[in-house]
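Comments concern the structure below.
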Amino acid sequence: MNIADFDYELPRDRIAQQPVEPRDNARLMLLDSESGKVAHHHFHELGRFLRPGDVLVLNDTRVIPARLLATRRATGGKAEILLLRQLEDRQWLGLVRGKGLRAGASLQLVGSDICVSVREEREAGLRVLQFSQGINNELASLGHTPLPPYIRQPLTDRERYQTVYSRHEGSAAAPTAGLHFTRSLLARLKGRGVQLVYCTLHIGLDTFQPVKVDKVGDHSIHSEEARLSPAAAAAINRAARAGGRIIAVGTTSARTLESAAASAAPGERVAAFDGNTSLFIAPGYRWRAIDGLITNFHLPRTTLLLMVCALAGREKVLRAYEMARDYGYRFYSFGDVMFIGPQTDC
261 MNIADFDYEL PRDRIAQQPV EPRDNARLML LDSESGKVAH HHFHELGRFL RPGDVLVLND
321 TRVIPARLLA TRRATGGKAE ILLLRQLEDR QWLGLVRGKG LRAGASLQLV GSDICVSVRE
381 EREAGLRVLQ FSQGINNELA SLGHTPLPPY IRQPLTDRER YQTVYSRHEG SAAAPTAGLH
441 FTRSLLARLK GRGVQLVYCT LHIGLDTFQP VKVDKVGDHS IHSEEARLSP AAAAAINRAA
501 RAGGRIIAVG TTSARTLESA AASAAPGERV AAFDGNTSLF IAPGYRWRAI DGLITNFHLP
561 RTTLLLMVCA LAGREKVLRA YEMARDYGYR FYSFGDVMFI GPQTDC
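Going from the sequence shown to the numbering used here is simple: count from 1 and add 260.
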């Protein structure tokens, strides 16, 4: 399977630069994963396509202000740090942008006397960074929201890159499918008998990176920290036994659930999960946990697009993407959304 088979063309003006207001006014494309039929709606209509007893599983991770501006202590040259994961109290895994920032380089954060040394170089440009003091309490004042590089307009409200149900800090990017929910929409769905269950997956940038090898099977994905509580797993299993559909909100929720399915008891969808997952879902994968997926439109040649194609088939998904492009849908993190699954109202 070649990664070139998961490419498509998209005009630059289709890449959303700002989120719509209100959040749930984004367009919603329904894609029947069995027939390939498509229908066009708006996200605030989501309740029409869910049934009492269905479960929405949402990722409650919260984006940290992980982008830090710095200067080289030796020369004063500009540098930029993107924090990905905390390893120890004062040690982080991250990316560093700037010339010659190899192991041994020393930086100082702009607006602070905090120093940073590059302790170790790892694959894919990753760096182990040692800070002169703990920075968790300093991120709110020193850090910036780490928006994807294709978003070139500044974000005036940091909360617009957070879901309304975000709780657990740790992500370098937002679980973007969840950005479309408002508190009132969640309340309406609960009133219709739809159950809301939460998981946590702290998102690293590898999830969004293009696949750079020709053969899909040669790609390896970095691990990410994920958790599904025992109570959440029990609720999912009860609902599935009663005939409810398990619908993941976003590829990160889907990845958490499918990771939790690996150790599930016979006859159950998932087990509790608390650890790191490096699960890579591509066409040919046998789904165990979910029945449907709510997800944004993804960049070509990415693991996210591969996952969507694994659920509905490459031809159906790329045909739907072409239709979305031609119908003026907005793409990527601040763009519109799809609901993929069987028996949707198409």
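Here a beta-carbon is modelled for each residue, glycine too, at the ideal position from N, C-alpha and C. Small disclaimer: the values here were computed from a predicted structure and weren't measured.
Nearer than 7 Å: is that true of the beta carbon of residue i relative to any heavy atom of the ligand GTP?
| i | result |
| --- | --- |
| Ala363 | You won't find the ligand GTP in this model; it holds no ligand whatsoever. |
Can you round the beta-carbon distance between residue i and residue j to whole angstroms, since I take them to be within the 8 Å contact cut?
| i | j | result |
| --- | --- | --- |
| Arg283 | Thr442 | 5 Å |
| Ala570 | Pro543 | 5 Å |
| Val388 | Arg382 | 7 Å |
| Thr555 | His462 | Contact doesn't hold; Cβ gap of about 18 Å is too wide. |
| Arg362 | Ala339 | Not really, about 12 Å apart at Cβ, beyond 8 Å. |
| Leu342 | Ala326 | 6 Å |
| Gly510 | Ala437 | 4 Å |
| Leu615 | Leu328 | Past the edges of the chain, shown from 261 to 606, lies residue 615, and the structure says nothing about it. |
| Ala286 | Asp534 | Not a contact, Cβ separation roughly 32 Å. |
| Leu445 | Leu559 | Contact doesn't hold; Cβ gap of about 26 Å is too wide. |
| Asp265 | Arg574 | 7 Å |
| Leu517 | Ala525 | With 8 Å as the limit, Leu517 and Ala525 do not qualify as a contact, their Cβ atoms being about 15 Å apart. |
| Ala549 | Ala531 | Wrong, their Cβ atoms sit about 10 Å apart, outside the cutoff. |
| Ile324 | Leu386 | Actually they are not in contact, since the Cβ atoms of Ile324 and Leu386 sit about 17 Å apart, beyond 8 Å. |
| Val454 | Thr563 | Incorrect: roughly 28 Å between the Cβ atoms, too far for contact. |
| Asp586 | Arg308 | 24 Å between Cβ atoms; not a contact. |
Over the uninterrupted beta strand (DSSP E) stretch that includes residue i, give me the two end residues.
| i | result |
| --- | --- |
| Met289 | Arg287 to Asp292 |
| Asp586 | From DSSP, Asp586 is part of no beta strand (DSSP E) but of the alpha helix (DSSP H) over Arg574 to Asp586. |
| Ser632 | Because the chain spans 261 through 606 in this model, residue 632 falls outside it and cannot be assessed. |
| Ile600 | Val597 to Gly601 |
| His302 | Val298 to His302 |
| Phe391 | Leu386 to Phe391 |
| Glu380 | Cys375 to Glu381 |
| Ser431 | His428 to Ser431 |
| Thr331 | Arg327 to Arg332 |
| Arg357 | Gln351 to Arg357 |
| Asn319 | Val315 to Asn319 |
| Leu369 | Ser366 to Leu369 |
If distances are taken between C-alpha atoms only, which option among the options comes closest to residue i?
| i | options | result |
| --- | --- | --- |
| Asn262 | Gly336, Leu566, Arg333 and Thr511 | Leu566 |
| Ile541 | Ala572, Ala580, Pro526 and Leu389 | Ala572 |
| Asn319 | Arg382, Glu429 and Arg274 | Glu429 |
| Ser593 | Glu575, Pro560, Ala434 and Tyr458 | Ala434 |
| Asp267 | Ala492, Pro526, Asp474 and Ala508 | Asp474 |
| Val271 | Asp605, Glu582 and Gln368 | Position check: residue 271 holds Pro in this sequence, whereas Val was assumed. Nearest of Asp605, Glu582 and Gln368 to Pro271, Cα basis: Glu582. |
| Arg546 | Arg529, Leu578, Arg412 and Gly535 | Arg529 |
| Tyr458 | Ala491, Val476, Tyr589 and Ala521 | Ala491 |
| Leu439 | Gly451, Ser431 and Ser426 | Ser426 |
| Gln422 | Gly527, Tyr410, Pro406 and Arg412 | Pro406 |
| Ala334 | Gly360, Ala584 and Pro526 | Gly360 |
| Glu380 | Gly354, Gly403, Gly371 and Ser401 | Gly354 |
| Leu402 | Ala494, Ile374, Gln413 and Val378 | Ile374 |
| Lys297 | Ala400, Phe591, Leu310 and Lys576 | Lys576 |
| Asp273 | Gln346, Gly588, Gly477 and Ala432 | Gly588 |
| Arg345 | Gln390, Val424 and Arg332 | Gln390 |
| Ile411 | Gln278, Gln455 and Lys450 | Gln278 |
| His479 | Arg311, Ala384, Val323 and Ala447 | Ala384 |
| Gly371 | Ser523, Arg452, Ala432 and Ala330 | Ala330 |
| His404 | Ser431, Arg308, Arg448 and Val378 | Ser431 |
| Gly337 | Leu310, Leu367 and Phe309 | Leu367 |
| Val378 | Arg418, Glu419 and Arg332 | Arg332 |
| Gly451 | Ala514, Leu310 and Asp417 | Leu310 |
Could you give the residue range of the alpha helix (DSSP H) that holds residue i?
| i | result |
| --- | --- |
| Leu399 | Leu399 to Leu402 |
| Asn262 | No alpha helix (DSSP H) holds Asn262; DSSP gives it neither H nor E. |
| Ala339 | Taken as a continuous stretch (DSSP letters only), Ala339 belongs to no alpha helix (DSSP H), being part of the beta strand (DSSP E) at Lys338 to Gln346. |
| Ile496 | Pro490 to Arg501 |
Under 8 Å between C-beta atoms, does residue i make it to chain D?
| i | result |
| --- | --- |
| Ser480 | In the displayed structure, chain D is absent; only one protein chain is listed. |
Open item on the list: Suppose only complete runs of 3+ residues qualify. What are the beta strand (DSSP E) ranges in the stretch 433 to 488, listed by chain order?
Closed with: Taken in chain order, the whole beta strand (DSSP E) runs of length 3 or more contained in the stretch 433 to 488 are 455 to 461 and 484 to 488.
TODO: Assess, as a yes-or-no matter, whether the stretch 492 to 509 is touched by the stretch 306 to 319 under the definition of 3 or more beta carbon pairs within less than 8 Å.
DONE: Verdict: yes, contact present.
TODO: Flag this pair as touching only if the stretch 478 to 487 and the stretch 275 to 293 have three or more C-beta atom pairs under 8 Å; answer yes or no.
DONE: No, they do not touch.
Task: Three or more C-beta pairs below 8 Å linking the stretch 300 to 308 and the stretch 489 to 503 - done: Under the 8 Å Cβ criterion, the stretch 300 to 308 does not count as touching the stretch 489 to 503, having fewer than three qualifying pairs.
Open item on the list: Taking contact to mean 3 or more Cβ pairs, one atom from each stretch, closer than 8 Å, check whether the stretch 389 to 401 and the stretch 347 to 357 are in contact.
Closed with: Result yes; three or more Cβ-Cβ pairs closer than 8 Å.
Open item on the list: Just to confirm the assignment: which complete beta strand (DSSP E) runs, minimum length 3, are found wholly within the stretch 528 to 553?
Closed with: Counting only runs of 3 or more, we get 533 to 537.
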